[in-house]
DNA sequence: AACTGGCAGTCGGTAGAATCAAGTGCCAGA
DNA sequence: TCTGGCACTTGATTCTACCGACTGCCAGTT
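Protein chains in written order, with the working numbering: chain L, 5 to 369; chain X, 5 to 369.
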C-alpha cells in the first residue's frame, strides 16, 4: 500500500511544503550522508522503504530539491549531499524524536545516580559524559551568579603580610582573593574586622555591595579599601561564566582535513567566543544552529546543538555540542536535552529549593 | 676498526665520543630536520659552515652514524632523519644554550609583570603563555598541598537544609563542600559550631585532622560526622594535582596524520595520565623524554620537555611541553625553564616568604 | 690515511594516459 | 506521472614512464 501523492491527504504532518515524497527523499539523503560521509545517489534513495518509486523519479525530485537549495552535488555525476538549508529542514520537520540508545541511557542514569560533590565538579564531569554520549565536542557553561547575594565574608590570615578574603555567595559559590597588608594585624583585629564586614555585607547583593564599604568604622582604611576593590573584582568575575569542555579530541574524528581540525580546536580554546556563540544561539530561541546560521564565519563548517540549564531563578547555563554540519542531529539533540534537564534538576534540588515548592519562611518574591 | 679521528684535537668539548665532525653533522641534520620535516641529504650538510668537507665524506660519516643508531633513512636514496637516540645525543651534548627570541622574552616579561589574582588563575594563564611561546601543547601541574595546615574552617548556611563547609589552607587554597542537614539549625547554633570547629582544627595538618573530630562537644553529631567525612574527602582531593592545559590545538600543527592528532589529543584529555607521565620524567631527573624514553607506548611519537616549579617547601609542580619528537628542543627547554622559574618565584613570594629569608616575628615554624 | 670528484644505481614522487565505476539528465513509452 | 533505458560526464584508480634526489662505491689526489 503505497503512501501516495498529496491527494492521499497529509500522510505526514511533517512534509510542510515539499510534498511527502521529496521530504522522504531529503530525509533519506540526510541520514545516509550523516552516516557515511559519502554523496548519496538516486539508486540508494530509491531502495529506501519510505520512497517507493524508481531511481529515475528520485532523480527528478532531486533536481527539484537541488533547484530549491536543499541539496547539492559536489560535482556532476556524483550523488547529492545536503546543504545547510537541507539540514535545517530536516531538523525542523523530519528529525525523528530523538531517543538515546539504551546503553547510553543507562550511562546517563548511572552518572546522575552517582554524582556527588560540588556543582563545578558535576558540570565538569557532565561535559565529559556528554562527549561520551556523542562523537562531538561538548561544552557546558555554568549559570552565572547574577542574582546571588552575599552569605559570608571572611578574612583569614595567611602570612604576617597577607590575608585571604573568602566570600561565600547564596548559590554556594566561593571566591577568594589574596590581599597584601601594609601594616601588621593581630589575629583578634582580623577577627573583629571580619565580623564587621560580615555583619555589614551579608544579605546584600554582590553587585552593589562594594559601594557601601568605604565608610569604615575601625582602624584600617587601607585594608578596607582593598577588600572593597577585591569585592568589585569578584563581582565582575562572577559575571563571567565558567566553561567546561569535554572531548575536544572527538572533533578530530569528524573532519578529515587536519587544517580544519586545527582551526576549530583553536577556536574552542577561546572560551569567550564559544560562550558568546552558544548564548547567542540560545537567545535566538534556537536549539540548533547549522553552518553559517550562527553567524560566526570560522565555524561555518560546524553545527551547534544547545540546550538550556535553568537553575531555579532566571539565569541559565548552557550545554552544547559542536560537530560538523554533517551531524547526527536527533542523537545530539537527545543527548543535550537529557543532560541539560538532568543538570537542571540536580541544580534545583541542590539549592534552588527555597524558591520553588518549599518556600519556607522567607516570603520575598 | 672505527676511525678514531680524534687526532684533530678536541675542537669541541661537546663532541664526547662521536668525534667533532660527526657531532657537527648530527647537529646539522637535527636542526634542519626539525625545521623542514624533510629528510636531510649529504649535500645540504656539506654546505653547512661547521662541516668543511665534501658531500662524499659526509656520506661516509652518515653510514657510521646510521650504523651506530643516530640516524635512519626512511628508504634507500632518501636523506637521513634522526632517531630518538640521535635527538638524545643532540639535547645532551649539542643543544645550544636555549635563548628565547627577544619578542618572546618580552612577552614573558609583560606577562609576569601583569599577573595578579590567585594562583589558580596564574597557572591557567601561564599554560596559555607557554603554548604561545612554542608551537607545542603546554601543561602546567600545580604543586600539591601536601604540607598545608588548616587556617580556617567555617560553616555557612545556604538554605534551611544545606550548609556550606568552607576550608582555608595555609597555602591559600580554599575548598568547599555542601552538607545536607537532617534537622534545622539556627544561625547562632551554626556560628558557635563553626567557631568550635575552627578552634579545634586550625593549625592542624589536614591529613590527620579528621580523626580528632568525632568527639563532639555540642548538639549535632550527624553534622559533625558529615563535616568529618567532608574533611577526609578534601584531604584526598587536595592530594590530586590540578592540571592546566594550554594550546592543545598546537598539536594539530605538528602531526600531519589526522589519526595521530586524534589519539594524542585523547590522551591529553586523561589528565591523570599526563600528570603521572610528567612527574615520572621529572623524578627520573630528566628534563627531556624523547619517544619511548618515557615508557608510555601511545605517545611514542612524542617528546616531552619538563621543568619543575618549586613552591617553597618540597612539593613541586611541573610545567611541561608536549610535541613531536621532531621538536625544537632548545626553544622548548628555554621556554619551559623561563616559565617554570618565573612561576616558582611568584609562588614563593606570594606566600612562601615566611619559610625563606624573612622569618618575621614568629619564631618556631 | 683521509678526503674528494665522479658515476652508476635505487627509489619515491609526479605527470599523463587509459580504464573504471558511479551517477546523472533526458527521453520515449506505459 | 512514473519508469526503464541510454548516452554522457567526471572523479577515482591503475599503470607506465620518467625525473630528480640521494646514496654507495671507487679510483684518484693530497
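Beta carbons are placed, not taken as given, at the ideal position from N, Cα and C, and that holds for glycine.
Quiz item: Which one or two residues does DSSP pair with residue 105 of chain X in a beta bridge?
Solution: Paired residues: none, contrary to the question.
Practice problem: Pull out every residue of the stretch 239 to 268 of chain X whose Cβ sits closer than 7 Å to any Cβ of chain L, in chain order. | Solution: Residues 251, 252, 253, 256, 257, 260, 262, 265, 266.
Practice problem: Look at the alpha carbon of residue 196 of chain X and the alpha carbon of residue 155 of chain X, and state the distance between them as a whole number of angstroms. | Solution: Taking the straight line from one Cα to the other gives about 17 Å.
Self-check item: residue 273 of chain X: contacting residues in chain L (beta-carbon distance under 7 Å)
Solution: The answer, in chain order, is 251, 253.
Exercise. Count the other C-beta atoms from every protein chain shown that fall within 10 angstroms of the C-beta of residue 184 of chain X, then say buried if there are 16 or more, exposed otherwise.
Key: Burial call: exposed.
Quiz item: Which two residues bound the contiguous alpha helix (DSSP H) that contains residue 230 of chain X?
Solution: Counting along the chain, residue 230 of chain X sits inside the alpha helix (DSSP H) bounded by residues 225 to 243.
Quiz prompt | Secondary structure of residue 156 of chain L, DSSP reduced to three states | solution = Residue 156 of chain L falls in the strand class under three-state DSSP.
Quiz item: First and last residue of the beta strand (DSSP E) that includes residue 179 of chain L?
Solution: 178 to 184 is the extent of the beta strand (DSSP E) around residue 179 of chain L.
Practice problem: Consider the C-beta atom of residue 322 of chain X and the heavy atoms of the ligand MN; say whether any pair is separated by less than 7 Å. | Solution: For the structure depicted, the ligand MN is absent and the ligand set is empty, with no information on it obtainable.
Self-check item: Residues in the stretch 147 to 164 of chain X having any Cβ partner in chain L nearer than 8 Å
Solution: Those would be 155, 156, 158, 160, 161, 162, 163, 164, in chain order.
Exercise. For the alpha helix (DSSP H) holding residue 321 of chain L, just list the boundary residues, first then last.
Key: From DSSP, residue 321 of chain L is part of no alpha helix (DSSP H) but of the beta strand (DSSP E) over 320 to 328.
Quiz item: By Cβ distance, which residues of its chain are closer than 7 Å to residue 51 of chain X, with the 5 residues on each side in sequence left out?
Solution: Hits under 7 Å: none found.
Quiz item: Excluding sequence positions up to five away, which residues of its chain have a Cβ less than 8 Å from the Cβ of residue 129 of chain X?
Solution: Contacts found: 115, 119.
Practice problem: Since I believe residue 182 of chain X is in contact with residue 168 of chain X (beta carbons under 8 Å), could you give me their beta-carbon distance rounded to a whole number of angstroms? | Solution: 6 Å between Cβ atoms; contact.
Self-check item: Assumed close pair residue 145 of chain L, residue 321 of chain L - CB separation to whole angstroms, cut-off 8 Å
Solution: Rounded, the Cβ-Cβ distance is 5 Å, consistent with contact.
Quiz item: Which residue from X/191, X/193, X/188, X/233 puts its Cα closest to that of residue 210 of chain X?
Solution: The shortest CA-to-CA distance from residue 210 of chain X to any of X/191, X/193, X/188, X/233 is the one to X/233.
Practice problem: Identify the contact partners of residue 176 of chain X in chain L, using a Cβ-Cβ distance below 7 Å as the criterion. | Solution: Correct list: 162, 168, 182.
Quiz item: Taking just the CA atoms, how far does residue 202 of chain X sit from residue 266 of chain L?
Solution: Linking residue 266 of chain L to residue 202 of chain X through their CA atoms gives a straight-line distance of about 50 Å.
Quiz item: Rounded to a whole number of angstroms, what is the C-alpha to C-alpha distance between residue 292 of chain L and residue 88 of chain X?
Solution: Rounded to the nearest angstrom, the two C-alpha atoms are 48 Å apart.
Practice problem: Classify residue 163 of chain X as buried or exposed, calling it buried when 16 or more other Cβ atoms lie within 10 Å of its own Cβ. | Solution: When all chains shown are included, residue 163 of chain X counts as buried.
Self-check item: Distance, residue 104 of chain L Cα to residue 36 of chain L Cα
Solution: Taking the straight line joining both Cα atoms gives about 19 Å.
Exercise. Ignoring anything shorter than 4 residues or poking outside the stretch 115 to 156 of chain L, list the alpha helix (DSSP H) runs there in chain order.
Key: If we require 4 residues or more, the alpha helix (DSSP H) runs fully inside the stretch 115 to 156 of chain L come out as 123 to 137.
Exercise. May I ask you to list, following chain order, the residues of the stretch 291 to 310 of chain X that have a beta carbon less than 8 Å from some beta carbon of chain L?
Key: Of all residues in the stretch 291 to 310 of chain X, none comes within less than 8 Å of chain L when Cβ atoms are compared.
Exercise. Report yes if the CB atom of residue 86 of chain X is closer than 8 Å to the CB atom of residue 34 of chain X, and no otherwise.
Key: Yes, the pair counts as a contact, with Cβ atoms nearer than the cut-off.
Exercise. Check whether the stretch 274 to 291 of chain X touches the stretch 262 to 279 of chain L, counting contact only when three or more Cβ pairs, one atom from each stretch, lie closer than 8 Å.
Key: These segments do not touch.
Quiz item: Got a sec, what are the start and stop residues for the alpha helix (DSSP H) residue 200 of chain X sits in?
Solution: Start and end: 191 to 205.
Quiz item: Of all Cβ atoms in chain L, is any one closer than 8 Å to the Cβ of residue 122 of chain X?
Solution: So, interface residue.
Practice problem: Starting from the beta carbon of residue 270 of chain L, find every residue of chain X whose beta carbon is closer than 7 Å, and list them in chain order. | Solution: By Cβ distance, chain X contributes 253.
Self-check item: Residues that residue 143 of chain L contacts on chain X, provided the C-beta gap is smaller than 9 Å
Solution: The CB of residue 143 of chain L never comes closer than 9 Å to any CB in chain X; the least such distance is about 14 Å.
Quiz item: From L/133, L/231, L/136, pick the residue whose C-alpha is nearest to that of residue 166 of chain L; which is it?
Solution: Nearest in C-alpha terms to residue 166 of chain L, of all of L/133, L/231, L/136, is L/231.
Quiz item: In three-state DSSP terms, what is residue 296 of chain L?
Solution: Correct three-state label for residue 296 of chain L: helix.
Quiz item: Leaving out five residues before and five after residue 262 of chain L in sequence, what residues of the same chain have Cβ atoms less than 7 Å from its Cβ?
Solution: Same-chain partners within the cutoff: there are none.
Practice problem: Closer than 8 Å by C-beta to residue 57 of chain L: which residues in its own chain qualify, once you throw out the five before and the five after it? Chain order, please. | Solution: Answer for residue 57 of chain L: 25, 50, listed in chain order.
Exercise. Rounded to whole angstroms, what's the CA-CA distance from residue 199 of chain L to residue 205 of chain L? Just pull it up for me.
Key: Roughly 10 Å between the two C-alpha positions.
Quiz prompt | 8 Å Cβ cutoff, residue 10 of chain X in contact with chain L | solution = Any reading at residue 10 of chain X needs caution, since the residue's pLDDT is 35, under 50, leaving its predicted position unreliable; the model's value is listed next. Judged by the 8 Å Cβ criterion, residue 10 of chain X is not in contact with chain L.
Self-check item: When X/139, X/136, X/138, X/127 are compared against residue 147 of chain X, the one with the closest alpha-carbon
Solution: The residue with the shortest Cα to Cα distance from residue 147 of chain X is X/127.
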